[in-house]
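Novice: Numbering-wise, UniProt numbering puts 8 at position 8 of the sequence shown, and it's gapless, one number per residue.
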Amino acid sequence: MCAALKKLGYENIHHMFYVFKTPGEAGKWHALLKIKYEGAGAGTITREMFDDLLGDCSALTDLPSILFARELLILYPDAKVILTTRSTTSWYTSMLHTIYAWQSDPLNRIIDPFLSKHRYALRKLLDYIFLQFFYGNFPLYGKRVFEEHNQMVRDLTEGRGNGERLLVFEAREGWVPLCKFLGKDVPEGEYPRLHDTKEFRSHLIRNGI
């Protein structure tokens, strides 16, 4: 989705890759997650907090922003929502071989604190995400969480905004439904389809992680 939105002219699209390459981002998201799950600090997540983190972004995709789907949908009632769908098994397999593989790797756990503050902050953020969002056991609960999350997004958006707020979208549908929903012209070329595992590993290498 991120590559498609870029081709449609959206800039500063927030994605987990941005957190991986930007020192300081992981700590900010970790602090916000602790407010969500523990009531830490201010105890309430506000629009100002999101504006501070995401004020220059034109779109949000992927972790960690999707963990705040409920809060974002409430605090930004005019935002359009694209719920990208795929089979539960396909999503689970992708996660298993990308973020979860990096987060759960025993060697990474040993060396992360000694490599850089940024990498250690990423480690703490991902550990917290898998502890809270996936109940500390992604292999056991991952599929259930995925399906419950998608249903929650549907429940909060379907039938609102005259049916113009939510697009349930599969990449195989191509450009037409996406462009119609966003009011964009259909660009030349095929809809981008990236290989999740290869792209993730390539990104880690490019950013020295």
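We treat Cβ as the ideally placed atom computed from N, Cα and C, and that holds for glycine.
As the structure is a prediction and not an experimental result, all values here were calculated from the model.
Give me, in chain order, the residues of the same chain whose beta-carbon lies closer than 8 Å to that of Cys57; leave out the 5 immediate sequence neighbours on both sides.
Specialist: Position 57 of the sequence shown, counted from the start, is the residue given in the question as residue 57. Cβ neighbours of Cys57 beyond the five flanking positions: Asn12, Ile13, His14.
Novice: Could you tell me the distance, in whole angstroms, from the CA atom of Leu5 to the CA atom of Ile110?
Specialist: To locate residue 5, count along the sequence shown from 1; it is residue 5. To locate residue 110, count along the sequence shown from 1; it is residue 110. Near 37 Å, if we compare the C-alpha coordinates of Ile110 and Leu5.
Novice: What's the gap between the Cα of Thr46 and the Cα of Leu75?
Specialist: Here residue 46 refers to the residue found at position 46 of the sequence shown. Here residue 75 refers to the residue found at position 75 of the sequence shown. Those two C-alpha atoms are separated by around 8 Å.
Novice: Taking the Cβ atom as the reference point for each residue, do Asp78 and Gln103 lie within a distance shorter than 8 Å?
Specialist: As a first step, residue 78 must be located in the sequence shown, where it is residue number 78. As a first step, residue 103 must be located in the sequence shown, where it is residue number 103. Cβ atoms of Asp78 and Gln103: not closer than 8 Å.
Novice: Is it right to say Ser90 is buried, meaning 16 or more other beta carbons lie within 10 angstroms of its own, or is it exposed?
Specialist: Counted from its first residue, the sequence shown places residue 90 at position 90. Looking at its Cβ environment, which holds fewer than 16 other Cβ atoms inside 10 Å, Ser90 is exposed.
Novice: In terms of residues, what are the limits of the alpha helix (DSSP H) holding Ala129?
Specialist: Mapped onto the sequence shown, residue 129 falls at position 129. With the sequence shown as reference, residue 129 is identified as Ile, and Ala is not the correct amino acid for it. First-last of the alpha helix (DSSP H) with Ile129: 117-132.
Novice: Could you work out which residue in Leu83, Leu115, Tyr191, Ala59 is closest to Phe146 when comparing CA atoms only?
Specialist: Locating residue 146 in the sequence shown gives position 146, counting from the first residue. Considering only alpha carbons, the answer is Leu83.
Novice: Can you list, in chain order, the residues of its chain whose CB lies under 6 Å from that of Met1, leaving out five sequence neighbours each side?
Specialist: Looking up residue 1 in the sequence shown gives position 1. Closer than 6 Å at the Cβ level, and outside the excluded window around Met1, lie Thr61, Thr84.
Novice: At what residues does the alpha helix (DSSP H) containing Ile74 begin and finish?
Specialist: Position 74 of the sequence shown, counting from 1, holds the residue named residue 74. 69-75 is the span of the alpha helix (DSSP H), which, as asked, contains Ile74.
Novice: Starting from the Cα of Gln132, find the closest Cα among Lys34, Val19, Met152, Lys180 and give me that residue.
Specialist: As a working mapping, residue 132 is identified with position 132 in the sequence shown. Comparing Cα positions, the closest option is Lys34.
Novice: Are Lys80 and Arg165 closer than 8 Å when you measure CB to CB?
Specialist: Position 80 of the sequence shown, counted from the first residue, corresponds to residue 80. Position 165 of the sequence shown, counted from the first residue, corresponds to residue 165. Yes, the pair counts as a contact, with Cβ atoms nearer than the cut-off.
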